[in-house]
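For the sequence shown, UniProt numbering gives the first residue as 1, with consecutive numbering after it. Glycine residues also receive a C-beta, built at the ideal position from the N, C-alpha and C atoms.
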Amino acid sequence: MGDTFPVLCRFWRIIHQVTLRYYRDQPYPREGLSDHITLAFAEYKYRELIAWAETLPPSMVRSEQSPHHVLIFHIWFHVAILSILHPFTVRARDSSRSLRFKTFPCKRSSPDAAYKASINQLKRLIVVYRKNYMSSTYTMLWHTGLIHVANANLGDTKDPAWRFYLFFCIQCYGRLRQAYRFAEAIGRSLLSMALQQGDLPASEARHIMEQYEENQLINPSYDIRATFMADLNLAMTNPSEASVESLADRFEDIAIFQEFTNAGGSSEDEQIESDDNSWDTP
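What follows is the structure in structure tokens.
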């Protein structure tokens with residue numbers, strides 16, 4: 001792994017401090033992370049990561065010839081930035097006003113701007129990794145990037161590409177389930193989130209689910225334990241409801257409820273183009 005292992009050791013030393021401050025000291029009952037973490041601390045750790053990244057050796061710079069572990073490091077790097085800044089974004093705070101960084105000269109610098117920049121980088125990284133690296137079909141080391149991109153797109157459905165990235169992430173989990181049973185539950189949980197947030201009509205979600213389950217494993221996903229988080233916003237206040245297994249198990253209930261209340265922003269009669277949601281992967 002060349003320089004990757006020592007670089008990761010230094011990377012985790014920075015992130016360990018973030019984890020302790022964000023989660024070890026979180027009060028109970030839970031509240032939004034931004035209620036007990038200061039923006040000043042988040043900005044400091046963000047700057048620390050950016051400054052440290054400038055010292056990386058040439059072998060860790062991303063290129064077309066980079067080995068797979070270098071791409072995974074870059075995915076983790078941007079996921080770390082997202083994890084640090086997410087509690088201070090407009091969507092996480094349920095606010096219409098963006099916060100501002102204090103130590104950057106640009107007046108437009110904000111958690112939202114930095115968050116969006118890392119999401120854009122992460123989108124490219126996961127597509128490149130899936131396209132160019134066979135390990136994308138048998139390692140879960142990169143899946144945290146899929147979770148964050150899916151969450152960001154469900155929070156930004158005005159972006160014309162949001163469906164592509166949502167379906168891309170679900171498709172990747174469909175491929176990974178051949179090696180990891182719980183990957184199947186993650187795909188279901190992402191569809192549950194899209195339904196619950198009104199981003200997809202129930203008919204379309206069911207159609208996608210039928211395609212997703214065409215090559216379903218012999219053992220269904222309902223008995224799979226997957227207690228890690230799928231809904232990163234809900235996870236800040238209600239982790240049990242935000243977990244992969246909880247959302248995956250509730251897909252049918254959420255779909256029935258939406259059909260009953262005729263919820264969702266799209267028409268139930270809207271034409272579904274199966275070509276856009278193809279689950280055939282190389």
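Whole-angstrom distance between GLU245 and TYR138, CA atom to CA atom: 21 Å
Among ALA185, MET193, HIS16, HIS207, nearest to ALA226 - alpha-carbon criterion: ALA185
Among SER63, GLN65, TRP12, LEU154, the one whose alpha carbon lies nearest that of LYS45: TRP12
Stretch-stretch touch, CB-based, cutoff 8 Å, three pairs: the segment 251–258 with the segment 196–204: yes
Residue interval of the alpha helix (DSSP H) (run including PHE164): 162–176
Cβ-based neighbour list, SER110, same chain, cut-off 7 Å, excluding 5 preceding and 5 following: The answer, listed in chain order, is SER98, LEU99, ARG100, PHE101.
Coil, strand or helix - SER95 by DSSP: coil
Bounding residues of the alpha helix (DSSP H) (the contiguous stretch that carries THR89): Element bounds for THR89: n/a, residue is neither H nor E.
The segment 86–94 contacting the segment 105–125, beta-carbon criterion three pairs below 8 Å: yes
Where GLN171 falls, given that 16 or more other Cβ within 10 Å makes a residue buried: By the neighbour-count definition (other C-beta atoms within 10 Å, threshold 16), GLN171 is a buried residue.
Cut-off 8 Å between Cβ atoms - residues of its own chain near PHE228, not counting five sequence neighbours on either side: SER243, VAL244
Supposed contact pair LEU122 and GLY145 - C-beta distance, whole angstroms, cut 8 Å: 5 Å
Residues sharing a beta bridge with MET236, DSSP: In the DSSP output, where bridge partners are listed per residue, MET236 has none listed.
Helix, strand or coil at ALA263 [DSSP, three-state]: Residue confidence is low: ALA263 scores 46 on pLDDT, short of 50, so the model does not pin down where it sits. Its coordinate-derived value is still stated next. Here ALA263 sits in coil by DSSP.
Counted within 10 angstroms of its Cβ, other Cβ atoms place residue 283 as buried (16 or more) or exposed: Residue coverage of the chain in this structure runs from 1 to 282, which leaves residue 283 outside it and unanswerable.
Three-way DSSP call (helix, strand, coil) for ARG250 in this model: coil
Nearest-angstrom Cα separation, counted from ILE37 out to CYS169: Their Cα atoms are separated by approximately 30 Å.
Proximity below 8 Å, CB of ILE14 to CB of LEU56: no
MET209 to ALA152 span [Cα, whole Å]: 21 Å
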